[in-house]
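Just so you know, we're using the working numbering here: the sequence shown kicks off at 13 and counts up by one. Where a beta carbon is used, it is the ideal one built from N, C-alpha and C, also for glycine. Take a look at the structure below.
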Amino acid sequence: MKKYLLLLFVVILGSSCASKLPFKKLEDIEAVTINKGTKNRFFIPKETYKPLYVRVNNIFLLDENGEGNFNGKNKEDNEILKTIFNRTNKLYANLVDPKDPNCYKGEDFIKDTKIQFLFNPLYIKDTFARNYRNSKHFNLKKRGIRPISPSSNWYLKYLDNNINDTISKKGINAFFNMDVVSYNDVKYNNSSKEWDKTVSASVSQFPSYTDFTRSSQICFPNKYTKRILMEEIYSVEHKLSWKNKVKYWYLETYRGVAHEIGHSLSLSHSNKHSPYNKCPNAMMYQGYKSRNNYIQPTEIGKMHKALMTSNLIQFVDEKSNYDVPRIVTSNENWDFKTLRFYQDIIVEEGKILILNGNVIFPIDTSILLKKNAILVLNKATLKTVNNKPFTNIIKSKHAKIVTY
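Following this line, the structure appears as C-alpha coordinates:
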(Lines of atoms letter the chains of each structure in order from A; the text may use other names.)
(Lines give C-alpha, C1' and ligand atoms only; values in the text may rest on other atoms or scores of the structure.)
Protein backbone atom coordinates (compact mmCIF):
# COMPACT_ATOMS: atom_id res chain seq x y z
CA MET A 13 0.00 0.00 0.00
CA LYS A 14 2.93 2.37 0.54
CA LYS A 15 3.35 2.84 -3.23
CA TYR A 16 0.06 4.74 -3.29
CA LEU A 17 1.11 7.30 -0.73
CA LEU A 18 2.94 9.49 -3.25
CA LEU A 19 -0.09 9.66 -5.51
CA LEU A 20 -2.92 9.94 -3.03
CA PHE A 21 -3.73 11.89 0.07
CA VAL A 22 -5.03 10.98 3.47
CA VAL A 23 -8.37 12.43 4.53
CA ILE A 24 -9.45 12.72 8.13
CA LEU A 25 -12.25 10.28 8.90
CA GLY A 26 -15.70 11.82 8.55
CA SER A 27 -18.52 12.41 6.11
CA SER A 28 -17.54 13.55 2.65
CA CYS A 29 -20.56 14.47 0.55
CA ALA A 30 -19.35 17.24 -1.76
CA SER A 31 -20.93 15.40 -4.73
CA LYS A 32 -24.20 13.47 -4.87
CA LEU A 33 -24.17 9.94 -3.45
CA PRO A 34 -25.48 7.07 -5.61
CA PHE A 35 -27.90 6.15 -2.80
CA LYS A 36 -30.28 8.05 -0.52
CA LYS A 37 -30.15 5.72 2.47
CA LEU A 38 -28.18 2.69 3.59
CA GLU A 39 -30.97 0.27 2.63
CA ASP A 40 -30.73 1.40 -1.01
CA ILE A 41 -27.23 -0.05 -1.45
CA GLU A 42 -27.16 -3.34 -3.31
CA ALA A 43 -24.26 -5.25 -1.83
CA VAL A 44 -23.07 -8.76 -1.12
CA THR A 45 -23.44 -9.30 2.63
CA ILE A 46 -20.64 -11.14 4.41
CA ASN A 47 -21.82 -12.32 7.83
CA LYS A 48 -21.88 -15.37 10.08
CA GLY A 49 -23.92 -17.23 7.48
CA THR A 50 -21.42 -16.68 4.67
CA LYS A 51 -20.03 -19.93 3.32
CA ASN A 52 -16.61 -21.00 4.57
CA ARG A 53 -15.22 -21.04 1.03
CA PHE A 54 -15.27 -17.24 1.05
CA PHE A 55 -12.60 -17.23 3.80
CA ILE A 56 -10.16 -19.70 2.24
CA PRO A 57 -6.66 -18.16 2.36
CA LYS A 58 -4.78 -17.52 -0.86
CA GLU A 59 -1.53 -19.30 -1.57
CA THR A 60 0.29 -15.95 -1.45
CA TYR A 61 -0.89 -15.15 2.09
CA LYS A 62 1.51 -15.12 4.98
CA PRO A 63 0.36 -17.25 7.94
CA LEU A 64 -1.51 -16.05 11.00
CA TYR A 65 0.24 -16.82 14.29
CA VAL A 66 -1.97 -18.05 17.13
CA ARG A 67 -0.69 -18.03 20.71
CA VAL A 68 -1.05 -21.26 22.70
CA ASN A 69 -0.09 -21.37 26.39
CA ASN A 70 1.04 -24.89 27.29
CA ILE A 71 0.38 -25.06 31.03
CA PHE A 72 2.15 -27.91 32.83
CA LEU A 73 0.71 -28.43 36.31
CA LEU A 74 3.27 -29.55 38.92
CA ASP A 75 3.26 -30.78 42.50
CA GLU A 76 4.52 -28.65 45.39
CA ASN A 77 8.11 -29.66 44.60
CA GLY A 78 7.89 -28.65 40.96
CA GLU A 79 7.83 -32.30 39.86
CA GLY A 80 5.28 -34.82 38.63
CA ASN A 81 4.93 -33.46 35.09
CA PHE A 82 6.99 -31.98 32.30
CA ASN A 83 8.78 -29.22 34.20
CA GLY A 84 11.35 -27.75 31.82
CA LYS A 85 14.31 -29.25 33.71
CA ASN A 86 14.82 -32.54 31.86
CA LYS A 87 16.74 -32.21 28.59
CA GLU A 88 15.15 -35.23 26.93
CA ASP A 89 11.65 -34.15 27.97
CA ASN A 90 12.30 -30.69 26.57
CA GLU A 91 13.42 -32.17 23.25
CA ILE A 92 10.32 -34.38 23.15
CA LEU A 93 8.00 -31.41 23.66
CA LYS A 94 9.91 -29.28 21.17
CA THR A 95 9.57 -32.02 18.55
CA ILE A 96 5.85 -32.51 19.23
CA PHE A 97 5.00 -28.83 18.88
CA ASN A 98 7.32 -28.28 15.90
CA ARG A 99 5.64 -31.20 14.14
CA THR A 100 2.23 -29.72 14.93
CA ASN A 101 3.18 -26.53 13.08
CA LYS A 102 4.76 -28.51 10.26
CA LEU A 103 1.56 -30.51 9.85
CA TYR A 104 -0.58 -27.36 9.53
CA ALA A 105 1.78 -26.13 6.79
CA ASN A 106 2.18 -29.43 4.92
CA LEU A 107 -1.14 -31.19 4.45
CA VAL A 108 -1.30 -34.24 2.18
CA ASP A 109 -3.93 -34.80 -0.50
CA PRO A 110 -5.53 -38.21 0.18
CA LYS A 111 -7.19 -38.31 -3.26
CA ASP A 112 -10.10 -40.07 -1.61
CA PRO A 113 -13.74 -39.22 -2.46
CA ASN A 114 -14.68 -40.21 1.10
CA CYS A 115 -12.67 -37.16 2.19
CA TYR A 116 -13.56 -34.63 -0.49
CA LYS A 117 -15.05 -34.85 -3.96
CA GLY A 118 -13.60 -31.57 -5.19
CA GLU A 119 -10.37 -31.30 -7.14
CA ASP A 120 -8.93 -28.32 -5.27
CA PHE A 121 -6.35 -29.01 -2.59
CA ILE A 122 -4.66 -26.64 -0.14
CA LYS A 123 -1.33 -27.74 1.26
CA ASP A 124 -0.73 -24.88 3.71
CA THR A 125 -3.48 -23.78 6.10
CA LYS A 126 -1.65 -20.46 6.63
CA ILE A 127 -2.01 -20.95 10.39
CA GLN A 128 0.92 -21.43 12.77
CA PHE A 129 1.13 -21.58 16.54
CA LEU A 130 3.32 -19.79 19.05
CA PHE A 131 3.64 -22.33 21.86
CA ASN A 132 4.49 -20.76 25.19
CA PRO A 133 5.37 -23.17 28.06
CA LEU A 134 4.17 -22.26 31.55
CA TYR A 135 5.15 -24.36 34.58
CA ILE A 136 2.82 -23.86 37.53
CA LYS A 137 3.00 -25.47 40.96
CA ASP A 138 -0.56 -26.30 41.92
CA THR A 139 -1.22 -29.66 43.54
CA PHE A 140 -4.99 -29.23 43.36
CA ALA A 141 -5.01 -28.33 39.67
CA ARG A 142 -2.56 -31.07 38.71
CA ASN A 143 -4.97 -33.82 39.77
CA TYR A 144 -8.25 -33.83 37.83
CA ARG A 145 -9.72 -36.15 40.47
CA ASN A 146 -10.29 -32.89 42.32
CA SER A 147 -13.00 -32.01 39.83
CA LYS A 148 -16.48 -32.19 41.34
CA HIS A 149 -17.44 -34.14 38.24
CA PHE A 150 -14.93 -36.94 38.77
CA ASN A 151 -16.68 -40.27 39.35
CA LEU A 152 -14.61 -43.31 40.21
CA LYS A 153 -17.26 -45.67 38.86
CA LYS A 154 -18.05 -43.75 35.67
CA ARG A 155 -14.79 -42.62 34.16
CA GLY A 156 -15.92 -40.21 31.47
CA ILE A 157 -14.54 -37.02 29.98
CA ARG A 158 -16.65 -34.63 32.05
CA PRO A 159 -13.92 -33.92 34.67
CA ILE A 160 -11.52 -32.95 31.87
CA SER A 161 -13.98 -30.98 29.72
CA PRO A 162 -13.08 -27.27 29.75
CA SER A 163 -15.93 -24.87 30.40
CA SER A 164 -16.80 -21.71 32.30
CA ASN A 165 -17.31 -23.70 35.49
CA TRP A 166 -14.89 -26.62 35.35
CA TYR A 167 -12.38 -27.12 38.13
CA LEU A 168 -9.49 -25.28 36.39
CA LYS A 169 -11.40 -22.11 35.50
CA TYR A 170 -9.85 -20.17 38.41
CA LEU A 171 -6.43 -20.91 36.98
CA ASP A 172 -7.52 -20.04 33.46
CA ASN A 173 -8.67 -16.62 34.68
CA ASN A 174 -5.43 -16.01 36.57
CA ILE A 175 -3.24 -16.89 33.59
CA ASN A 176 -5.14 -14.58 31.26
CA ASP A 177 -5.06 -11.70 33.72
CA THR A 178 -1.53 -11.79 35.11
CA ILE A 179 0.83 -14.51 33.91
CA SER A 180 0.94 -14.48 30.14
CA LYS A 181 -0.39 -12.89 26.99
CA LYS A 182 -3.81 -14.22 26.12
CA GLY A 183 -3.68 -17.44 24.17
CA ILE A 184 -5.50 -20.71 23.87
CA ASN A 185 -4.82 -22.19 27.31
CA ALA A 186 -3.81 -25.86 27.03
CA PHE A 187 -3.70 -27.58 30.42
CA PHE A 188 -1.54 -30.66 31.02
CA ASN A 189 -3.00 -32.33 34.11
CA MET A 190 -3.43 -35.96 35.17
CA ASP A 191 -5.04 -38.64 37.28
CA VAL A 192 -2.49 -38.61 40.09
CA VAL A 193 -3.45 -42.09 41.32
CA SER A 194 -2.63 -43.49 37.89
CA TYR A 195 0.60 -41.48 37.75
CA ASN A 196 1.75 -42.76 41.16
CA ASP A 197 0.97 -46.34 40.18
CA VAL A 198 3.05 -46.05 37.01
CA LYS A 199 5.87 -44.02 38.55
CA TYR A 200 6.32 -45.72 41.91
CA ASN A 201 4.77 -49.17 41.48
CA ASN A 202 5.95 -49.75 37.92
CA SER A 203 2.38 -50.85 37.21
CA SER A 204 -0.18 -50.08 34.52
CA LYS A 205 -3.15 -51.37 36.50
CA GLU A 206 -4.54 -47.91 37.27
CA TRP A 207 -3.55 -46.62 33.84
CA ASP A 208 -5.85 -49.15 32.21
CA LYS A 209 -8.77 -47.47 34.00
CA THR A 210 -7.70 -43.95 33.09
CA VAL A 211 -9.38 -41.73 30.52
CA SER A 212 -6.65 -40.37 28.30
CA ALA A 213 -8.79 -38.54 25.73
CA SER A 214 -8.17 -34.82 25.25
CA VAL A 215 -10.98 -32.25 25.15
CA SER A 216 -11.26 -28.73 23.66
CA GLN A 217 -13.63 -25.78 23.64
CA PHE A 218 -15.13 -24.55 20.40
CA PRO A 219 -14.89 -20.80 19.69
CA SER A 220 -17.52 -18.33 20.84
CA TYR A 221 -19.05 -16.02 18.23
CA THR A 222 -20.94 -13.96 20.80
CA ASP A 223 -18.56 -13.54 23.75
CA PHE A 224 -15.40 -12.02 22.31
CA THR A 225 -13.60 -11.88 25.66
CA ARG A 226 -14.18 -15.54 26.54
CA SER A 227 -11.13 -17.75 26.95
CA SER A 228 -10.49 -20.91 24.92
CA GLN A 229 -9.20 -23.97 26.76
CA ILE A 230 -7.87 -27.44 25.97
CA CYS A 231 -7.25 -30.28 28.40
CA PHE A 232 -4.40 -32.68 27.56
CA PRO A 233 -4.55 -35.14 30.48
CA ASN A 234 -2.02 -37.83 31.42
CA LYS A 235 0.56 -37.00 28.73
CA TYR A 236 3.44 -37.17 31.19
CA THR A 237 2.17 -40.40 32.74
CA LYS A 238 2.04 -41.95 29.28
CA ARG A 239 5.59 -40.81 28.54
CA ILE A 240 6.85 -42.63 31.70
CA LEU A 241 4.64 -45.63 30.98
CA MET A 242 6.04 -46.08 27.48
CA GLU A 243 9.67 -45.80 28.53
CA GLU A 244 9.70 -47.64 31.83
CA ILE A 245 6.98 -50.28 31.37
CA TYR A 246 6.06 -50.87 27.72
CA SER A 247 9.65 -50.77 26.46
CA VAL A 248 10.70 -53.31 29.06
CA GLU A 249 7.69 -55.61 28.71
CA HIS A 250 7.97 -55.78 24.92
CA LYS A 251 11.80 -55.73 24.88
CA LEU A 252 11.93 -52.70 22.63
CA SER A 253 14.34 -49.79 22.67
CA TRP A 254 12.88 -46.58 24.08
CA LYS A 255 15.53 -44.47 22.40
CA ASN A 256 15.37 -46.05 18.95
CA LYS A 257 11.73 -47.11 18.68
CA VAL A 258 9.20 -46.50 21.45
CA LYS A 259 10.05 -42.83 21.85
CA TYR A 260 9.14 -42.26 18.21
CA TRP A 261 5.73 -43.77 18.89
CA TYR A 262 5.27 -41.29 21.72
CA LEU A 263 6.25 -38.41 19.45
CA GLU A 264 3.14 -39.20 17.41
CA THR A 265 1.36 -37.29 20.18
CA TYR A 266 1.63 -34.28 17.88
CA ARG A 267 -1.23 -35.62 15.77
CA GLY A 268 -3.51 -35.49 18.80
CA VAL A 269 -2.29 -31.98 19.60
CA ALA A 270 -3.09 -30.86 16.05
CA HIS A 271 -6.52 -32.51 16.29
CA GLU A 272 -7.48 -30.77 19.54
CA ILE A 273 -6.29 -27.38 18.31
CA GLY A 274 -8.46 -28.03 15.26
CA HIS A 275 -11.47 -28.16 17.60
CA SER A 276 -10.33 -24.88 19.18
CA LEU A 277 -10.33 -23.38 15.68
CA SER A 278 -13.95 -24.55 15.11
CA LEU A 279 -13.43 -27.94 13.38
CA SER A 280 -15.70 -30.89 14.18
CA HIS A 281 -15.19 -34.61 13.66
CA SER A 282 -17.43 -34.49 10.61
CA ASN A 283 -18.37 -31.95 7.95
CA LYS A 284 -20.53 -31.79 4.84
CA HIS A 285 -17.79 -33.36 2.72
CA SER A 286 -16.97 -36.23 5.02
CA PRO A 287 -19.29 -37.87 7.58
CA TYR A 288 -17.97 -38.94 10.95
CA ASN A 289 -14.81 -41.07 10.63
CA LYS A 290 -15.26 -41.70 6.90
CA CYS A 291 -12.01 -39.99 5.91
CA PRO A 292 -9.14 -41.87 7.60
CA ASN A 293 -6.61 -39.19 6.62
CA ALA A 294 -8.56 -36.27 8.08
CA MET A 295 -7.01 -34.31 10.92
CA MET A 296 -10.31 -34.56 12.75
CA TYR A 297 -10.64 -38.33 12.33
CA GLN A 298 -10.91 -40.21 15.59
CA GLY A 299 -8.68 -43.26 15.72
CA TYR A 300 -5.09 -44.31 16.12
CA LYS A 301 -4.64 -45.48 12.54
CA SER A 302 -5.23 -42.05 11.03
CA ARG A 303 -2.40 -39.97 9.60
CA ASN A 304 -4.40 -36.85 10.56
CA ASN A 305 -2.73 -34.94 7.74
CA TYR A 306 -5.62 -33.61 5.64
CA ILE A 307 -8.16 -30.78 5.99
CA GLN A 308 -10.74 -29.94 3.32
CA PRO A 309 -10.35 -26.47 1.73
CA THR A 310 -13.70 -25.29 3.11
CA GLU A 311 -12.68 -26.42 6.61
CA ILE A 312 -9.52 -24.34 6.28
CA GLY A 313 -11.78 -21.42 5.37
CA LYS A 314 -13.84 -22.20 8.47
CA MET A 315 -10.76 -21.83 10.68
CA HIS A 316 -9.84 -18.49 9.15
CA LYS A 317 -13.41 -17.31 9.54
CA ALA A 318 -13.19 -18.17 13.24
CA LEU A 319 -9.90 -16.29 13.54
CA MET A 320 -11.64 -13.21 12.13
CA THR A 321 -15.06 -13.36 13.80
CA SER A 322 -14.89 -15.18 17.16
CA ASN A 323 -13.19 -14.89 20.53
CA LEU A 324 -10.08 -16.30 18.82
CA ILE A 325 -9.25 -12.78 17.63
CA GLN A 326 -7.73 -12.23 21.11
CA PHE A 327 -5.12 -14.92 20.58
CA VAL A 328 -3.74 -14.01 17.16
CA ASP A 329 -0.35 -12.33 17.46
CA GLU A 330 -0.41 -8.57 16.89
CA LYS A 331 2.09 -8.80 14.02
CA SER A 332 -0.02 -11.28 12.06
CA ASN A 333 -0.78 -9.98 8.58
CA TYR A 334 -1.68 -11.83 5.39
CA ASP A 335 0.50 -9.20 3.69
CA VAL A 336 -1.69 -9.36 0.59
CA PRO A 337 -4.45 -6.77 0.19
CA ARG A 338 -8.13 -7.65 0.02
CA ILE A 339 -9.49 -6.13 -3.18
CA VAL A 340 -13.17 -5.18 -3.13
CA THR A 341 -14.40 -5.59 -6.72
CA SER A 342 -18.14 -5.47 -5.98
CA ASN A 343 -20.22 -3.78 -3.31
CA GLU A 344 -19.67 -5.57 0.01
CA ASN A 345 -21.34 -5.29 3.39
CA TRP A 346 -19.28 -6.80 6.23
CA ASP A 347 -21.96 -7.30 8.87
CA PHE A 348 -20.37 -8.58 12.09
CA LYS A 349 -20.61 -7.41 15.67
CA THR A 350 -16.82 -7.71 15.90
CA LEU A 351 -14.41 -8.37 13.05
CA ARG A 352 -10.65 -8.59 12.83
CA PHE A 353 -9.01 -8.02 9.44
CA TYR A 354 -5.47 -9.17 8.69
CA GLN A 355 -4.68 -7.19 5.55
CA ASP A 356 -4.89 -3.92 3.65
CA ILE A 357 -8.14 -3.22 1.82
CA ILE A 358 -8.43 -1.74 -1.67
CA VAL A 359 -11.90 -0.64 -2.77
CA GLU A 360 -11.98 -0.55 -6.54
CA GLU A 361 -13.30 2.35 -8.60
CA GLY A 362 -16.96 3.09 -7.98
CA LYS A 363 -17.44 0.26 -5.47
CA ILE A 364 -18.91 0.47 -1.97
CA LEU A 365 -17.60 -1.14 1.20
CA ILE A 366 -19.86 -1.12 4.27
CA LEU A 367 -18.34 -1.82 7.67
CA ASN A 368 -20.42 -2.46 10.80
CA GLY A 369 -19.66 -2.87 14.51
CA ASN A 370 -16.14 -3.14 15.91
CA VAL A 371 -13.53 -3.57 13.19
CA ILE A 372 -9.89 -4.27 14.10
CA PHE A 373 -6.93 -3.81 11.75
CA PRO A 374 -3.22 -4.65 11.90
CA ILE A 375 -1.05 -1.73 12.97
CA ASP A 376 0.62 -1.02 9.62
CA THR A 377 -2.32 -1.34 7.25
CA SER A 378 -4.57 0.99 5.34
CA ILE A 379 -7.81 1.24 3.38
CA LEU A 380 -7.41 2.62 -0.14
CA LEU A 381 -10.49 4.09 -1.80
CA LYS A 382 -10.02 4.37 -5.54
CA LYS A 383 -11.84 6.91 -7.74
CA ASN A 384 -15.52 7.28 -6.78
CA ALA A 385 -15.26 4.46 -4.24
CA ILE A 386 -17.30 4.81 -1.05
CA LEU A 387 -16.58 3.60 2.47
CA VAL A 388 -19.75 3.44 4.57
CA LEU A 389 -19.31 3.25 8.33
CA ASN A 390 -22.57 1.98 9.78
CA LYS A 391 -22.23 2.51 13.53
CA ALA A 392 -18.72 1.20 13.03
CA THR A 393 -15.71 1.72 15.26
CA LEU A 394 -12.35 1.23 13.55
CA LYS A 395 -9.35 0.40 15.74
CA THR A 396 -5.90 -1.06 15.37
CA VAL A 397 -4.93 -4.28 17.10
CA ASN A 398 -3.21 -2.25 19.83
CA ASN A 399 -6.56 -0.52 20.57
CA LYS A 400 -5.79 2.84 18.96
CA PRO A 401 -8.07 4.61 16.48
CA PHE A 402 -7.57 3.42 12.91
CA THR A 403 -7.30 6.47 10.65
CA ASN A 404 -5.12 5.34 7.74
CA ILE A 405 -7.78 5.72 5.05
CA ILE A 406 -6.42 6.87 1.70
CA LYS A 407 -8.81 8.58 -0.73
CA SER A 408 -8.36 9.15 -4.41
CA LYS A 409 -10.38 11.55 -6.55
CA HIS A 410 -14.09 11.77 -5.67
CA ALA A 411 -13.88 8.93 -3.19
CA LYS A 412 -16.09 9.34 -0.13
CA ILE A 413 -16.46 8.28 3.49
CA VAL A 414 -20.03 8.21 4.76
CA THR A 415 -21.01 7.62 8.38
CA TYR A 416 -24.31 6.48 9.83
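- prompt: Out of curiosity, what's the CA-to-CA distance linking Lys85 and Asn333?
  reply: 35 Å
- prompt: Under a Cβ-count criterion, where at least 16 other Cβ atoms within 10 Å of its own Cβ denotes burial, should Ala318 be classed as buried or exposed?
  reply: buried
task: Compare the Cα-Cα distances from Arg142 to each of Ile366, Val192 and Ile339 and report the closest residue.
output: Val192
message: Quick check: what's the CA-CA separation for Ile230 versus Val328?
response: 17 Å
message: For Pro63 and Thr125, I'd like the C-alpha separation in whole angstroms.
response: 8 Å
field: Collapsed DSSP secondary structure at Arg352 in the structure displayed
entry: strand
- request: Mind listing, in chain order, the continuous alpha helix (DSSP H) runs of no fewer than 4 residues lying wholly within the segment 44-70?
  value: none
task: For His250, count neighbouring C-beta atoms within 10 Å of its own C-beta (all shown protein chains included) and say buried if the count is 16 or more, exposed if not.
output: exposed
message: Excluding the 5 residues flanking Ile41 on each side, which residues of the same chain have their C-beta closer than 8 Å to its C-beta?
response: Phe35, Asn343, Asn345, Ile364, Ile366 and Val388
task: Within the same chain, show all residues whose beta-carbon is closer than 8 Å to that of Lys48, passing over the 5 residues directly before and after it, in chain order.
output: Tyr221, Thr321 and Phe348
query: Under 8 Å between the Cβ atoms of Asn283 and Glu243?
result: no
task: Could I get the ranges of all uninterrupted alpha helix (DSSP H) runs contained in the segment 115-184, with 4 residues as the minimum, in chain order?
output: 139-142 and 169-174
field: Asn368 to Gly313 span [Cα, whole Å]
entry: 22 Å
Residue range of the unbroken beta strand (DSSP E) whose run includes Val336: Counting along the chain, Val336 falls outside any beta strand (DSSP E), and DSSP gives it neither H nor E.
- prompt: Taking the beta strand (DSSP E) that Asn368 falls in, what are its first and last residues?
  reply: Ile364 to Phe373
field: Residues near Tyr354 by beta carbon distance below 7 Å, same chain, minus five either side
entry: Leu64, Ser332, Asn333, Tyr334 and Pro374
Rounded separation between Val336 and Tyr61 - CA only: 6 Å
message: Would Lys123 and Asn151 qualify as a contact pair, given that the criterion is a beta-carbon distance under 8 Å?
response: no
query: Contact check, Leu134 vs Ile184 under 8 Å by CB: the rounded distance?
result: So it is not a contact: roughly 12 Å between Cβ atoms.
- prompt: How about Leu351 and Met315: are their beta carbons less than 8 Å apart?
  reply: no
query: Looking at C-alpha atoms only, which residue of Met295, Ala43, Trp254 and Tyr288 is the closest neighbour of Gly274?
result: Met295
- prompt: Do Lys382 and Val359 have their CB atoms nearer than 8 Å?
  reply: yes
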